[in-house]
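K.L.:
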Amino acid sequence: MRRIFSFIVAGAAFCACAPKSAELTVAVVPQPVKIQQFEGTAKSTAASTKISGRLAAEEYILDSRSGRVKIIGGSEAGVFYALKTLEQLRLQAVDGRIARVLIKDKPQFSYRGAHLDCCRHFFGVDRVREFIDMMAMHKLNTFHWHLTEDQGWRFESRKYPKLQEISAWRNGTMKEQEWGSNDGIRHGGYFTQEEMKEIVAYAAERHITVIPEIEMPGHAIAALAAYPELGCTGGPYEVCTQWGVHSDIFCVGKDATIRFLEDILDEVCEIFPSEYIHIGGDEAPRDRWKECPDCQARMKAEGLESEAELQSWLNLVIEKYLADKGRKIIGWDEILEGGVSEDATVMSWRGPKGGKAAASKGNDVIMSPNNYYYFDYYQTEGAMENGEPLSIGGHVNLRQAYSFDPFEDLDEEVRRHIKGIQANMWTEYISEWDGVMYRELPRISALAEVAWNSDGRTSYEDFVKRVETALVPQYKAEGWSYADFAFRTPEID
C-alpha cells in the first residue's frame, strides 16, 4: 500500500532531524498524508492563504515552520480543509501558540459521504445544517439526503401537491419494537423547495455536495397514499406507521407512473445540481408485479423474462432520462439484480460483497457496508447493559468502523472503481436529534480517516487518542452528544 508520510510517533509523523517541542503534541484527524513537527512554536492565526494550481483540488499545504502559518490549497476546498486542520492545532496550543509543522495533505477518495434519513423521523432545516457542520468538521464532502420513504415523503412537489398534503404525514408511529402498536401521535413534515435550495447552498459553502434520494420502485407507500393510481392494486394506501419492507411498490407497468417519476426528477434536478441522483432501488418486493396485468404487459412488450429484469428496465429508463439532463444514477446494490448499465454507480450496503461484484463488472462503487458503517446500529456488544438507547439492532463499534479495508481482495484494475465510502444513519428508532449525534460521534471520525487516508492509518489506540485530543473538544463546544466508550472504558469497545 502507498504510504507517503514520515514517522508515526504518538499520532503524528515527525522529521527525524527536528525533534518536537516538549510542550506541544500534534494530533490531527483524519491523519494527514505527511506531517512533520519542528522545534519551537508559531502564531496560531493564518498569516496567509492562497490557491495554487500545482495542487489537486482538495490538496493543501499547511506550513508554520517560519513561526507564522502559511496555507496553500489546490482550490478553495483545499484551503478549507487546511483551516479545519488549523482549528485542531489551535486546540493543542500552549499560551496561544501552536506547534511548528509542515503538513502536506490530500484525500485518498473523492467521495467521502454521510447519509441522513429524514423520513422515518423528520428533522428540519436547522438540524440538517448541523449535520452538514458535523460533516465539514470531519472533512467529508458528500451528503446523501434520504427524502422519500413508506413512512413519509419529505420533498415538496409543486406538480403533485398531495405529496406534502398527504404523503408527508403519518397517523402515528409504532412503539419501540412492538410490532402492530401505534402511539397515535401524528408525525411528519417536509422541506420546501426553497429550504432545500438553502441546504444545497449551505453545504456548498462547506464544499459538500448534496445527493438527493428519491426511492423507486420500493419504499413508495407514502407516495401511493396520495396517488393510489400509481400502485398495482389502486389502493387504498395509508402512509406507513410501521417499519419494515412492504409489498406495495410503484407500478412500473403504467405509463402514468413513469411520467410521475420523471416529473419528480425534473423538480429534483432544478434544486440539486449534483452530478448524481440516488434512485434507491433496495428492498423492492416484486410480488405485486407478478399479479399485475399492467406489469406483465410491460414485460411482454419489452421482452423481459423476469420481474427482476423489469426493475432493471426501470433503472435504464430513469438513467437515460437523467443522462439527457447531464446527470447520473446511483443506487443501492439491489440494482445489480437483473442487470444494470456500466454507467450506473452502485452503493454497496449489504456488506462489501455487492461492491466487489459491481466493481468487478466495471461499475463505479461507493462502499457503505452495514457491518462497518450503519451508525444506527448499537455501538457496543452489550448495548443494554452499557446503557445505550434503543436501536434497530446490530453492533458496530469504533474499532470496527476504523478497521474497514475498502480494497480487500481486489486487484488493481478493480480497485480503481472504488470511488469512496459512506456512513448511513437510518432513523426508525431515533426521534430526537441528540440520538442522531450520539450515534454518529465519534464513529464518523473513523469513517473520515478511512476515506481520507486509509493507507496511512495509525494504530487504533493512537487514533482514539487523536480523536480525544483533536475532535472531542469540538464536539463539546458545539454541544453535541457523543458516545464516550472508547475514551472512558475502552475494554467495552
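Residue numbers for the sequence shown follow the working numbering, so the first one is 110 and each next one is one higher.
Ideal Cβ placement from N, Cα and C applies to all residues, glycine included.
(1) Between G344 and the rest of its own chain, which residues show a CB-CB distance below 7 angstroms, the 5 nearest in sequence each way excluded?
(2) Return the residue from the list E304, T154 and E314 that minimises the CA-CA distance to M244.
(3) Contact between the stretch 475–483 and the stretch 517–535: three or more CB pairs below 8 angstroms?
(4) Locate the alpha helix (DSSP H) running through E522, then write down its first and last residues.
(5) What's the gap between the Cα of A466 and the Cα of V210?
(6) Taking buried to mean at least 16 other C-beta atoms within 10 Å of its own C-beta, is R566 buried or exposed?
(7) Tell me, to the nearest whole angstrom, how far the beta carbon of T301 is from that of E265; I am working on the premise that it is less than 8 angstroms.
(8) Do you know whose CA, among Q197, S157, P141 and K215, lies nearest A166's CA?
(9) Quick one: Cα of A492 to Cα of Q509, how far?
(10) Is it the case that the stretch 189–204 contacts the stretch 225–234, given that we only count it when at least three CB pairs across the two stretches are under 8 angstroms?
(11) Express the C-alpha separation of W254 and G205 in angstroms, rounding to a whole number.
(12) Apart from the five residues just before and just after G222, which ones in its own chain have a Cβ nearer than 6 angstroms to its Cβ?
(13) Can you say whether I373 is buried or exposed, counting buried as having 16 or more other CB atoms within 10 angstroms of its CB?
(14) Under DSSP, the alpha helix (DSSP H) around P402 begins and ends at which residues?
(15) For the putative contact between A156 and K179, defined by C-beta atoms under 8 angstroms, what is the C-beta separation to the nearest angstrom?
(16) Kindly identify the DSSP beta-bridge partner or partners of Q302.
(17) Within the stretch 503–575, note down every full beta strand (DSSP E) run reaching 3 residues or more, in order along the chain.
(18) How is S469 classed by DSSP in three states: helix, strand or coil?
(19) If you follow the beta strand (DSSP E) that Q146 is part of, which residue opens it and which one closes it?
(20) Give the list of continuous alpha helix (DSSP H) stretches no shorter than 4 residues that lie fully inside the stretch 164–227.
P.N.:
Considering the structure as presented:
(1) Short of 7 angstroms from the beta carbon of G344, and not among the five residues preceding or following it, lie these beta carbons of its own chain, in chain order: L333 and P337.
(2) Put simply, of E304, T154 and E314 the residue whose alpha carbon is nearest the alpha carbon of M244 is E314.
(3) As far as the Cβ criterion goes, the stretch 475–483 touches the stretch 517–535, which means the pair count is three or higher.
(4) Note, E522: alpha helix (DSSP H), E521 to R524.
(5) Cα to Cα, the separation comes out at about 43 angstroms.
(6) If you draw a 10 Å sphere on the C-beta of R566, you find 16 or more other C-beta atoms in it, and that means buried.
(7) Contact flag correct, Cβ pair sits at about 5 angstroms.
(8) Distances from the CA of A166 to each of Q197, S157, P141 and K215 were compared; the closest alpha carbon is that of K215.
(9) Straight across, the Cα-Cα distance linking A492 with Q509 is about 15 angstroms.
(10) Result no; under three Cβ-Cβ pairs closer than 8 angstroms.
(11) Each residue's alpha carbon lies about 39 angstroms from the other.
(12) The residues are T251, H253 and Q531.
(13) Its Cβ being crowded by 16 or more others within 10 Å, I373 is buried.
(14) The continuous alpha helix (DSSP H) containing P402 extends over residues P402 to E411.
(15) That pair is a contact at about 6 angstroms.
(16) For Q302, which the question treats as bridged, DSSP gives no partner whatsoever.
(17) Look at the stretch 503–575 and you find these whole runs of beta strand (DSSP E), each 3 residues long or longer: 527–532.
(18) DSSP, read as helix, strand or coil, puts S469 in helix.
(19) Start and end: K143 to K152.
(20) Within the stretch 164–227, the complete alpha helix (DSSP H) runs of at least 4 residues are 185–200.
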